[in-house]
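**Q**
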Amino acid sequence: MKTVLKFKWPIAIGLVIVTAVLFMLAPNLAKQAEKAGSFQLLDSADSQKAAQMLKDAGEAEETISLVYALEQPADEAKKKEVSATAKEIKELNKIVTDVLDPFESEEMEKQLVSEDKKTVLLPITVDGTQEQIIQLAEKIKKDVLSKEDAVYVTGEAIINHDVNESAQEGLKKTEVITVVLIFALLLIVFRSIITPFVPLVAVGIAYLLSQSLVAFFIDWFGFPVSNYTQIFLVAILFGLGTDYCILLLSRYKEELLAGHEVEEAIINTYKTAGRTLFISALAVFIGFAAIGFADFPIFKSAVAVAVGIAVLMLILYTIVPLIMMLLKDKLFWPSKGAASHKDSKLWIAFSKISVMRPLVSMLIVAAITLPLLLTYDNDLSFNTVDEIDSSKESVKGLNLISEAFGEGDSLPVQVLLKKDTAIVKEGDVKYLEAIARDVEKVEGVKNVRTVTRPTGEIIEDLYVDHQIALLADGLNEANDGIQEIRLGLATIQYNLRDAANQLPSGRAGGGGGLLQAANGIEQINGQLEQIAGGLQQGLPVAQAAGGLDALGTELNKISNGIAGAGAQINQSSSQIGALKGGLKQLGGGVKASKDGLAEVTTGLQKIADMLDDMGDTKSVRDTGLFIPAGTLDGEEFKPVIDRYTFDDKKGILMEVILTENPYSRDAISTVQEIKDTVKRSVIGTPFEDAELAFSGISSINSDLNDISSADFKRTVTVMLIGLFIVLFILFRSAIMPFYMIGSLLLTYYSAISITELIFVNGFGYDGISWAVPFFGFIMLIALGVDYSIFLLDRFREESIGGLKIKEALMHSMAKMGTVIITAAVILAGTFGAMIPSGVLSLVQIATIVISGLLLYGLIILPLLIPAITVSFGRGVWWPFRG
29 MKTVLKFKWP
39 IAIGLVIVTA
49 VLFMLAPNLA
59 KQAEKAGSFQ
69 LLDSADSQKA
79 AQMLKDAGEA
89 EETISLVYAL
99 EQPADEAKKK
109 EVSATAKEIK
119 ELNKIVTDVL
129 DPFESEEMEK
139 QLVSEDKKTV
149 LLPITVDGTQ
159 EQIIQLAEKI
169 KKDVLSKEDA
179 VYVTGEAIIN
189 HDVNESAQEG
199 LKKTEVITVV
209 LIFALLLIVF
219 RSIITPFVPL
229 VAVGIAYLLS
239 QSLVAFFIDW
249 FGFPVSNYTQ
259 IFLVAILFGL
269 GTDYCILLLS
279 RYKEELLAGH
289 EVEEAIINTY
299 KTAGRTLFIS
309 ALAVFIGFAA
319 IGFADFPIFK
329 SAVAVAVGIA
339 VLMLILYTIV
349 PLIMMLLKDK
359 LFWPSKGAAS
369 HKDSKLWIAF
379 SKISVMRPLV
389 SMLIVAAITL
399 PLLLTYDNDL
409 SFNTVDEIDS
419 SKESVKGLNL
429 ISEAFGEGDS
439 LPVQVLLKKD
449 TAIVKEGDVK
459 YLEAIARDVE
469 KVEGVKNVRT
479 VTRPTGEIIE
489 DLYVDHQIAL
499 LADGLNEAND
509 GIQEIRLGLA
519 TIQYNLRDAA
529 NQLPSGRAGG
539 GGGLLQAANG
549 IEQINGQLEQ
559 IAGGLQQGLP
569 VAQAAGGLDA
579 LGTELNKISN
589 GIAGAGAQIN
599 QSSSQIGALK
609 GGLKQLGGGV
619 KASKDGLAEV
629 TTGLQKIADM
639 LDDMGDTKSV
649 RDTGLFIPAG
659 TLDGEEFKPV
669 IDRYTFDDKK
679 GILMEVILTE
689 NPYSRDAIST
699 VQEIKDTVKR
709 SVIGTPFEDA
719 ELAFSGISSI
729 NSDLNDISSA
739 DFKRTVTVML
749 IGLFIVLFIL
759 FRSAIMPFYM
769 IGSLLLTYYS
779 AISITELIFV
789 NGFGYDGISW
799 AVPFFGFIML
809 IALGVDYSIF
819 LLDRFREESI
829 GGLKIKEALM
839 HSMAKMGTVI
849 ITAAVILAGT
859 FGAMIPSGVL
869 SLVQIATIVI
879 SGLLLYGLII
889 LPLLIPAITV
899 SFGRGVWWPF
909 RG
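Residue numbering for the sequence shown follows my numbering, starting at 29 and increasing by one per position.
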């Protein structure tokens with residue numbers, strides 16, 4: 029410290045210059061957080077696999093929706109207006125890849141227009157960055173939409189933007205409230221208008237410098253960042269920095285009052301309070317550094333606080349001594365004493381219970397905390413929409429979709445199946461319907477949309493039983509066609525005989541030919557009757573088609589025979605013109621019958637081929653579906669193929685509509701069941717070796733649940749082990765760290781129980797926001813350990829000085845009570861400044877920290893820690909001292 033005081037000006041000026049330069053040059057931390065996104069899931073997560081799959085296929089698209097809230101059902105004029113809007117948006121911006129016109133077809137209207145016709149969805153598929161999508165939404169609202177109707181723009185990208193925006197607005201409120209609150213509290217504590225500026229200046233420099241360094245680290249080293257990064261830096265640096273300043277300033281004031289010179293007072297302050305400060309800061313640093321072991325980037329983003337703690341310590345050991353040196357005793361003007369270092373009457377009273385009657389003290393703590401712990405259900409919420417105000421347009425639109433179409437319709441779960449070769453084949457797609465049927469049976473699933481059921485309803489035409497009915501109709505039509513041909517041939521036969529009888533004697537050559545033709549037609553008619561009867565009695569269609577084909581050949585010969593007979597008549601006599609014309613007509617009739625028979629034969633052949641395919645195809649037996657060759661390439665199927673396939677038909681998409689809110693915990697359970705069902709259903713199908721991925725907000729939340737749970741366990745383990753090792757070394761005791769950490773765990777679970785009671789049982793939320801337990805734990809344990817260190821480090825000092833266990837504890841509690849309570853109130857106050865932010869997760873984290881710090885500072889620390897320490901006696905120093 030002597031060196032610091034000697035070079036105080038160069039050090040201070042250098043730090044101020046570096047802070048100013050870095051602040052001006054540093055990237056925008058808020059922009060970095062927005063760019064990083066709200067979730068930042070691991071690449072191994074199912075939803076990220078799906079995103080990467082679509083990105084690799086060049087189809088990494090998102091959907092935003094215009095939601096029309098009409099006062100009257102949509103009439104023809106309104107339909108035309110919406111359709112025109114859809115067309116205009118499609119040409120509006122290059123990032124728009126598709127726009128679904130809700131009135132393009134009956135099927136589309138059924139899907140995108142509510143039953144009362146008052147809510148209309150206009151989905152817009154976009155391929156662009158978050159910023160581009162937001163700009164597009166703003167342009168649509170400004171330049172395209174009519175001001176007559178209430179139209180909301182919503183979608184995952186819009187909601188995430190609103191979450192980011194709310195977080196930044198909350199940060200600004202928190203910064204202002206924190207500064208005002210700290211100044212007011214310090215004014216009360218020190219009764220001086222000068223003292224409050226010391227921590228504000230010191231922590232202000234530390235905050236600006238750490239924020240700049242973190243922003244550079246993000247760009248240089250890929251440092252994790254999220255919306256929580258900046259606001260945690262504000263709350264913790266200002267809260268903890270103020271606590272540490274109180275510790276230093278209180279001890280500095282004591283040294284001055286003891287008659288020491290300014291420089292000596294500063295040196296003594298950092299020898300005593302500075303040691304406690306260093307131990308506390310090291311424990312906090314380790315707590316937040318342990319977050320680096322998390323896999324989840326959002327959790328890891330809080331590791332920036334460790335950077336802030338390191339910078340804070342640098343400032344506290346350089347700038348604060350300079351201020352002390354400059355202001356001397358004027359630092360506390362006009363106060364002549366400081367409340368922060370007086371003996372605590374409250375803790376003196378607590379010590380009479382906890383030190384003198386430890387069992388009673390433990391029972392009191394149990395009576396307060398156990399009822400709270402018994403109410404804890406660990407209810408978590410993944411509803412991002414709760415994070416923002418319900419007045420936001422994106423929330424209104426989403427709620428309107430839920431009301432009009434059902435909660436699950438707003439954000440479906442997407443199942444992606446992908447191969448290296450084309451899988452959109454008639455034989456393969458049949459199995460897709462079988463998978464869809466299995467998924468639809470999952471509890472919580474409303475319906476499934478895919479190639480075989482584009483609107484969520486089954487295409488009946490694809491089922492074998494339906495097609496067999498159509499084939500039966502075809503056979504009946506063939507039979508009717510044969511009967512018509514028989515009647516026509518019978519008429520021709522009669523007319524041929526009549527023509528033969530009209531020929532004069534001596535012209536029998538022609539007449540014989542006509543009689544022969546008539547007899548041939550008679551035979552063919554008999555065979556047609558047999559075939560028709562055979563078809564009704566189960567004659568194989570292929571055999572019937574073959575018979576008809578042979579009869580067609582015979583008819584062709586008869587037609588030629590009639591033509592030959594006509595030629596003979598022509599050569600023999602030129603006087604029978606009328607008869608010749610009649611024979612020509614009869615020949616034409618035979619030809620027409622032959623052509624009709626050919627059509628019937630072709631139809632029967634198609635039926636025979638289809639029946640043959642049905643019989644030979646295993647997929648028909650497995651699925652009950654049959655898709656004739658060429659069906660999927662037809663014009664009618666093109667819109668369906670375009671919507672539910674990707675990557676040149678190498679991938680197929682299924683949309684699963686849930687019955688519940690896509691953000692709910694029930695949806696997460698349903699998604700897990702969908703995943704398991706799909707993985708089972710693809711076994712033994714052409715999709716067995718396909719790559720599977722699952723997307724949609726419910727799938728993302730399912731991944732969040734899995735990853736956050738695993739990260740919580742791992743990070744907590746690393747953090748607690750790290751804290752134990754540090755405390756073991758600092759206190760030279762294996763016992764003390766155990767109950768210090770145990771008391772903090774008791775405090776955390778009591779605090780989160782209080783938070784759950786307030787927000788779930790009181791305000792009716794689905795649960796505590798999913799990220800809150802992790803951050804709440806890290807904050808409360810890392811910050812709360814400071815206060816136990818304050819108390820037990822003083823106890824160690826007094827114990828080493830020769831006092832007995834009970835005396836050392838009571839003396840330590842009297843001296844440190846006010847400092848700890850004041851520090852806890854100020855730190856709780858800085859977290860309280862997060863409440864007006866309006867961001868639900870921040871409010872809940874603040875609630876955990878505030879209730880935990882107050883519970884720890886006023887109940888658990890003064891009642892439980894001394895009681896346990898006294899119970900161990902000299903054994904508390906095991907294994908080093910006894």
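Every residue gets a Cβ at the ideal spot worked out from N, C-alpha and C, and that includes glycine.
In the DSSP assignment, find the alpha helix (DSSP H) that holds leucine 236 and state where it starts and stops.
**A** Unbroken alpha helix (DSSP H) run through leucine 236: 225 to 249.
**Q** Measuring CA to CA, which of Val847, Val877, Asp734 and Gly866 is closest to phenylalanine 218?
**A** If we check each option's Cα against that of phenylalanine 218, Val847 comes out closest.
**Q** Please state the DSSP three-state secondary structure of alanine 536.
**A** Low per-residue confidence applies at alanine 536: pLDDT is 43, beneath 50, and the placement is therefore not dependable, though the value from the model is reported in the following sentence. Three-state result, alanine 536: helix.
**Q** Please list, in chain order, all residues of the same chain as glutamine 758 whose beta carbon is under 6 Å from its beta carbon, the five residues on each side excluded.
**A** The question names glutamine, but residue 758 is leucine in the sequence shown. So the qualifying residues of the chain are Ile307.
**Q** Glutamate 109 CB to nearest chain D CB: under 8 Å?
**A** The chain inventory of the structure shown lacks chain D, comprising one protein chain alone.
**Q** Which whole-angstrom value describes the C-beta separation of methionine 764 and leucine 820, a residue pair presumed to lie in contact below a C-beta threshold of 8 Å?
**A** Confirmed, Cβ separation roughly 6 Å.
**Q** Taking DSSP as the reference, what is the three-state secondary structure of aspartate 126?
**A** Strand at aspartate 126.
**Q** From which residue to which residue does the beta strand (DSSP E) around proline 151 run?
**A** Segment 147 to 154, the beta strand (DSSP E) holding proline 151.
**Q** Who are glycine 679's beta bridge partners in DSSP?
**A** Paired residue(s): Lys446 and Phe674.
**Q** Which residue spans inside the region 875 to 900 form an unbroken alpha helix (DSSP H) run of at least 4?
**A** Taking only runs of at least 4 residues, the alpha helix (DSSP H) segments lying wholly in the region 875 to 900 are 889 to 900.
**Q** Considering only the beta carbon of each residue, do glycine 436 and isoleucine 685 sit closer than 8 Å?
**A** Taking 8 Å as the Cβ cut-off, glycine 436 and isoleucine 685 qualify as a contacting pair.
**Q** What do you get for serine 174, buried or exposed, if any count of 16 or more other CB atoms within 10 angstroms of its CB means buried?
**A** By the neighbour-count rule (16 or more Cβ atoms within 10 Å), serine 174 is not buried but exposed.
**Q** In the DSSP output, which residue or residues are listed as bridge partners for isoleucine 181?
**A** Reading the sequence as shown, one finds valine at residue 181 and not isoleucine. Answer by DSSP bridge pairing, in chain order: Leu94.
**Q** Within the chosen definition, does the region 191 to 204 reach the region 253 to 271 through at least 3 CB pairs nearer than 8 Å?
**A** The region 191 to 204 vs the region 253 to 271: in contact.
**Q** What distance in whole Å lies between the Cβ atoms of valine 467 and threonine 698, which are believed to be in contact at a cut-off of 8 Å?
**A** In fact, because the Cβ distance is near 10 Å, the residues do not count as touching under 8 Å.
**Q** Per DSSP, what are the beta-bridge partners of arginine 477 in this structure?
**A** Glu683.
**Q** In angstroms with no decimal places, state the Cα-to-Cα distance between valine 443 and alanine 85.
**A** Between valine 443 and alanine 85, the C-alpha separation is close to 15 Å.
**Q** Would you check if the distance between the CB atom of threonine 297 and the CB atom of glutamate 283 is smaller than 8 Å?
**A** Yes, the pair counts as a contact, with Cβ atoms nearer than the cut-off.
**Q** Considering serine 723, what are the terminal residues of the beta strand (DSSP E) in which it resides?
**A** Where serine 723 is concerned, the enclosing beta strand (DSSP E) stretches over 719 to 723.
**Q** Could you give the distance in angstroms between the alpha-carbon of asparagine 192 and the alpha-carbon of threonine 113?
**A** Going from the Cα of asparagine 192 to the Cα of threonine 113 covers about 29 Å.
**Q** Output yes or no for whether 8 Å exceeds the beta carbon distance between phenylalanine 266 and valine 290.
**A** No, the pair does not count as a contact, with Cβ atoms beyond the cut-off.
**Q** Determine the DSSP secondary structure at serine 278, reduced to helix, strand or coil.
**A** Serine 278 falls in the helix class under three-state DSSP.
**Q** Count Cβ pairs between the region 404 to 422 and the region 858 to 873 that sit closer than 8 Å; are there 3 or more?
**A** Contact between the region 404 to 422 and the region 858 to 873 is present, because at least three Cβ pairs lie under 8 Å.
**Q** Taking glycine 156 as the reference, give the member of Leu140, Val124, Ala721 and Met390 with the closest Cα.
**A** Checked all of Leu140, Val124, Ala721 and Met390; the closest Cα to glycine 156 is Val124.
**Q** Once the 5 residues before and after lysine 356 are set aside, which same chain residues still bring their CB inside 7 Å of it?
**A** If we look at lysine 356 and ignore the five residues flanking it on each side, its Cβ neighbours are Val290.
**Q** Among Ala842, Ala40, Leu33 and Lys77, whose alpha-carbon lies nearest the alpha-carbon of glutamate 719?
**A** Among Ala842, Ala40, Leu33 and Lys77, the Cα nearest to that of glutamate 719 is on Lys77.
**Q** Is the beta carbon of isoleucine 735 sitting closer than 8 Å to the one on aspartate 323?
**A** For isoleucine 735 and aspartate 323, yes; Cβs fall inside 8 Å.
**Q** Roughly how far, in whole angstroms, is the beta-carbon of valine 179 from the beta-carbon of tyrosine 96, given that I think they are within contact range, below 8 Å?
**A** Confirmed, Cβ separation roughly 5 Å.
**Q** Please classify leucine 43: does DSSP put it in a helix, a strand, or coil?
**A** Helix.
**Q** Just list the residues that DSSP pairs isoleucine 796 with in beta bridges.
**A** In the DSSP output, where bridge partners are listed per residue, isoleucine 796 has Leu408.
**Q** Rounded to whole angstroms, what is the Cα-Cα separation between lysine 146 and alanine 105?
**A** One C-alpha to the other measures close to 14 Å.
**Q** Is valine 457 helix, strand or coil by DSSP?
**A** Note: valine 457 maps to helix in three-state DSSP.
**Q** Between the C-alpha atoms of leucine 241 and alanine 234, what's the straight-line distance to the nearest angstrom?
**A** Cα-Cα distance, rounded: 10 Å.
**Q** Determine which residues share a DSSP beta bridge with valine 141 and list them.
**A** Bridge partners of valine 141: Val148.
**Q** Just grab the DSSP bridge partners of valine 441 for me.
**A** The partner list for valine 441 (beta bridge, DSSP) reads Val684.
**Q** Thinking threonine 182 and leucine 426 are a contact (beta carbons under 8 Å), I'd like their distance in whole angstroms, please.
**A** Confirmed, Cβ separation roughly 5 Å.
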